[in-house]
Amino acid sequence: MGKLYSKAVNKTFEGTNYFFSFVLITFMFLIIGSLFFTTTPSAFLQQMSSHVVLVSIGVTFGSSFIASLIVFVFSVPTAYVLSRKTFWGKRVLETVVVDLPLSFPPGVDGLILLLLLSRTGILGKFLGHFHIYVPYTFAAVVLAKLFVSIPFMISFVREAFDRVDRNIENVAYTLGASPFQIFYKLTFPLSIWGVLKGLVMALSKSLGEIGATLILAGGLTSSTGTMSVLIYFATQKGEMDKAIALAIILEFLTFILLTVIKLFFKESTHKIHA
Amino acid sequence: MHKLQLTDISKTFGSQIVLSNLSLEIFPDELFVILGSSGCGKTTLLLGILGLQKFDSGRVAIDGIDVTNLSPGERNIGYVPQNYALFPNCTVFENIAFGLRLRKVSKNIIQTKVRHIIDDFGLQGLECHFPFQLSGGQMQRVALARALIIEPSLLLLDEPVSALDIGTRQKIKAELKDIQKKLHITMVYITHDQQETLELADRFGILNNGKIEQFGSPDEVFYKPKTLFVARFLNTENMLKGKILNKFGKKVTIQTNDIILKTYTSLELSEGNHVTICIRPGAIHLSKHRIQPGKNVFTGTIESIHPIGRDLEIKVLVTPNEVLKTRISRIVAKELKLAHGMPVNLSIDEAFVHLIPVK
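Protein sequence lines, in the order shown, are assigned to chains A and B. For what it's worth, my numbering labels the leading residue of the first sequence as 99, then goes sequentially. For what it's worth, my numbering labels the leading residue of the second sequence as 8, then goes sequentially.
In structure tokens:
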């Protein structure tokens with residue numbers, strides 16, 4: 099009796115798992131796949147040859163690429179400091195640099211940046227002396243993407259640095275290596291896949307960013323109209339073909355990025371930790 | 008031929024005292040083992056010697072030269088950590104050559120030296136392998152080769168065989184001892200394993216409460232523990248409470264619950280002093296036949312027989328309140344046909360009856 103009962107419980111448990119997984123997977127495929135069923139190849143191609151769409155692709159990729167480069171330059175040293183150094187106020191710094199921006203809605207990020215960089219903002223006033231005005235420019239798009247994606251990058255890179263065995267670095271020190279030699283010969287190469295994963299996550303976050311960009315950059319001009327912002331305005335105006343075409347490109351590219359990094363990451367993890 | 012001197016080393020983490028005025032001298036060419044339980048400060052001491060962590064106070068000197076404020080690289084100490092810490096992104100050759108390349112040694116000399124050490128350590132054919140392609144024993148050899156190729160003043164090993172299987176462990180331990188004798192290198196070996204300590208150490212020290220509780224040769228510390236902690240830590244099998252009956256010069260007679268033991272001691276003891284008597288099972292001879300009555304000879308019955316590794320531990324009830332443990336090999340036990348309740352005779356060598364004064 100007891101055995102029969104336990105068998106029935108196990109079967110129910112397995113069945114429940116399969117059922118909920120199936121429902122979720124079907125739902126996700128429907129959401130992702132629905133884009134492809136709601137347009138035609140000719141409508142898609144027509145939108146793809148539109149000047150506005152092409153410019154928005156350029157703005158999106160240009161700004162995301164520049165933002166990711168800046169994110170890389172700033173995140174790697176910051177993540178290294180957070181991973182390797184112990185200092186007073188480290189927890190607070192982690193919260194301010196990583197946790198808070200991660201948990202803020204992008205709209206709030208955009209508002210903070212706008213307040214900071216507007217003509218009356220602290221930074222905006224300072225930049226005004228040099229006749230530099232950031233909001234509603236291409237630089238604002240880059241800045242919005244940067245602000246939103248940098249905590250992701252720091253978080254990933256820091257985790258990658260944390261995973262490097264400290265004994266490896268200790269041995270290198272005893273062999274006469276300097277901190278910089280240890281970083282470029284061991285720590286960074288051993289974290290490279292984590293860093294790349296962070297970079298791809300930051301890039302995919304940048305590509306799809308809308309909230310902060312909309313508030314800081316507006317998105318009405320040709321130099322600030324990213325794909326996400328354009329999708330938003332297109333749906334507002336009922337230009338569904340344009341919105342779908344842009345969404346398909348974004349979806350496809352994000353999918354490629356994530357798949358590539360997952361495949362590489364899996365392989366590299368095996369190699370290092372086998 | 009290098010000597011390591013530690014003087015008044017102290018280290019605290021917050022309110023926790025990890026090392027407290029620890030002083031120790033490790034002689035040239037010796038294999039000194041630092042033995043201690045987990046969390047006793049072994050690794051803190053090792054990291055401090057290596058210069059990877061700063062001591063709060065104290066002095067580290069190699070051959071009399073103060074290296075306390077030198078960087079790890081400037082100290083010229085080889086280090087083999089517990090998990091070997093081979094560089095996963097470097098081949099065996101690159102791992103071994105790492106220290107030489109940092110020293111900007113010419114390519115030809117690096118080639119020659121690395122080839123030579125690869126041959127010495129039996130790593131031929133593995134030059135282009137990455138660490139993940141090596142067995143535990145091979146990784147261990149690469150780690151040793153990498154540390155030794157820079158010709159260090161001394162070599163520090165942190166539980167280097169704990170991750171290996173028993174067979175490889177025995178082999179590597181023997182190899183380590185051979186390397187140490189062959190290269191005349193001063194080695195500091197850190198472990199929590201008593202057996203390993205007794206097998207490897209020329210001398211060893213037991214770390215407790217931030218201090219070296221006792222140090223000396225394995226025989227000295229094993230048979231003559233100075234404190235109750237050392238006796239207990241080294242699992243002294245027979246620890247009896249006793250009182251000094253009389254003392255003439257070094258000769259002393261002790262009364263336990265029911266038996267009287269005789270021994271020699273240079274301790275300052277007088278009649279009536281309480282002591283703990285430590286006797287190793289190896290010092291207790293067991294016989295089925297009658298032993299000529301004399302000093303430290305007892306009769307008793309076998310209370311229990313337990314297998315301990317390749318030997319058997321025999322508990323003999325000497326009086327209703329006194330049990331003595333001895334050990335004999337399984338083969339001898341079989342020949343003697345020992346069984347529970349069997350009457351046996353015990354004799355204890357006076358030289359191995361050791362006393363610890365009770366404070």
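We put the CB at the ideal spot given by N, CA and C, even for glycine.
Contact defined as beta carbons within less than 8 Å: I believe residue i pairs with residue j. What is the distance between those atoms, to the nearest angstrom?
| i | j | result |
| --- | --- | --- |
| A/Ala300 | A/Met251 | 4 Å |
| B/Gln262 | B/Lys250 | 5 Å |
| B/Leu331 | B/Asn303 | Rounded, the Cβ-Cβ distance is 10 Å, inconsistent with contact. |
| A/Pro175 | A/Phe245 | A/Pro175 to A/Phe245, Cβ: 18 Å. No contact. |
| B/Ile321 | B/Ile309 | 6 Å |
| B/Ile69 | B/His136 | Not quite, the Cβ-Cβ distance comes to about 34 Å (not below 8 Å), so this is no contact. |
| B/Ser336 | B/Asp318 | 6 Å |
| B/Ile41 | B/Gly217 | Contact doesn't hold; Cβ gap of about 13 Å is too wide. |
| B/Leu11 | B/Val195 | 7 Å |
| B/Met146 | B/Pro138 | 6 Å |
| B/Ala154 | B/Val87 | 5 Å |
By a C-beta neighbour count over all protein chains shown, 10 Å radius and 16 as the cutoff for buried, is residue i buried or exposed?
| i | result |
| --- | --- |
| B/Ser224 | exposed |
| B/Asp165 | buried |
| A/His371 | With a pLDDT of 46 at A/His371, under the threshold of 50, the modelled position of that residue is not reliable, and the figure given next carries that caveat. Looking at its Cβ environment, which holds fewer than 16 other Cβ atoms inside 10 Å, A/His371 is exposed. |
| A/Asp207 | buried |
| A/Arg264 | exposed |
| B/Cys97 | buried |
| A/Leu102 | exposed |
| B/Phe62 | buried |
| B/Ala346 | exposed |
| A/Trp186 | exposed |
| A/Ile280 | buried |
| B/Tyr91 | buried |
| B/Gln131 | exposed |
| A/Phe120 | exposed |
| B/Arg82 | buried |
| B/Tyr271 | exposed |
| A/Ile230 | exposed |
| B/Ile338 | exposed |
| B/Ile16 | buried |
| A/Thr218 | exposed |
| A/Glu267 | buried |
Can you find the residues in the same chain that come closer than 7 Å, C-beta to C-beta, to residue i, ignoring five residues on each side of it along the sequence?
| i | result |
| --- | --- |
| B/Ser45 | His199 |
| A/Leu209 | Ile313 |
| B/Ala290 | Ile355, Asp356 and Phe359 |
| A/Leu297 | Ser166, Phe170 and Met251 |
| A/Gln145 | Val151, Asp339, Lys340 and Ala343 |
| A/Ser320 | Val153 |
| B/Pro6 | Beyond the ends of chain B as shown, which are 8 and 366, falls residue 6 of chain B; an answer cannot be given. |
Using a C-beta to C-beta distance shorter than 8 Å, which residues of chain A count as neighbours of residue i?
| i | result |
| --- | --- |
| B/Ala92 | Asp263, Asn265, Ile266, Asn268 and Val269 |
| B/Pro88 | Asn265, Asn268 and Val269 |
| B/Gly106 | Leu273 and Gly274 |
So, for residue i: in the same chain, excluding its five sequence neighbours on each side, which residues have a beta-carbon less than 6 Å away from its beta-carbon?
| i | result |
| --- | --- |
| B/Lys233 | Gln221 |
| A/Phe127 | none |
| A/Ser247 | Val169, Ala300, Lys303 and Ser304 |
| A/Pro204 | Val246, Gly309 and Ala310 |
| B/Asn264 | Asn328 and Glu329 |
| A/Thr85 | In the structure displayed, chain A extends from 99 to 372; residue 85 of chain A sits before or after that span and is not available. |
Going along chain B, which residues have a C-beta under 8 Å from residue i?
| i | result |
| --- | --- |
| A/Pro287 | Asn96 |
| A/Gln279 | Leu109 |
| A/Leu284 | Phe94 and Asn96 |
Keeping to the same chain, check which residues put their C-beta closer than 8 Å to that of residue i; ignore five residues upstream and five downstream.
| i | result |
| --- | --- |
| A/Lys283 | Ala270 and Ala275 |
| B/Ile156 | Ile103, Ala104, Gly106, Leu107, Lys120, Val121 and Ile124 |
| A/Ser289 | Val255, Ala258, Phe259, Arg261 and Val262 |
| A/Glu69 | Given a span of 99 to 372 for chain A in the structure shown, any question on residue 69 of chain A remains unanswerable. |
| B/Ala438 | Nothing about residue 438 of chain B can be reported from this structure: the residues present for chain B run from 8 to 366 only. |
| A/Leu212 | Gly219, Pro233, Ile313 and Leu314 |
Residue i versus chain A: which residues are under 9 Å apart at the beta carbon?
| i | result |
| --- | --- |
| B/Ile84 | Thr272 |
| B/Gly21 | Going along chain A, no residue has its Cβ under 9 Å from B/Gly21, so there is no contact; the nearest lies around 13 Å. |
Cβ closer than 9 Å: which chain B residues qualify as neighbours of residue i?
| i | result |
| --- | --- |
| A/Leu294 | In chain order: nothing, as chain B lies at least about 15 Å away. |
List the residues of chain A whose Cβ lies closer than 7 Å to the Cβ of residue i, in chain order.
| i | result |
| --- | --- |
| B/Leu59 | Asn268 and Tyr271 |
| B/Ile157 | Leu273 |
| B/Pro79 | Tyr271 and Thr272 |
Counting only runs of 3+ residues fully inside the stretch 122-190 of chain B, write out the beta strand (DSSP E) ranges in chain order. 161-165
- Query: Where in the stretch 260-336 of chain A do unbroken runs of the alpha helix (DSSP H), each at least 4 residues long, occur, reported from the N-terminal end onward?
  - Reply: 264-272, 277-280, 286-306, 309-315 and 325-335
**Request:** Please go through the stretch 159-243 of chain A and give each complete alpha helix (DSSP H) segment of 4 or more residues, from N-terminal end onward.
**Result:** 188-192, 198-201, 204-215 and 220-226
*asked:* Ignoring anything shorter than 3 residues, give me the beta strand (DSSP E) runs that lie fully in the stretch 67-94 of chain B, in order along the chain.
replied: 84-87
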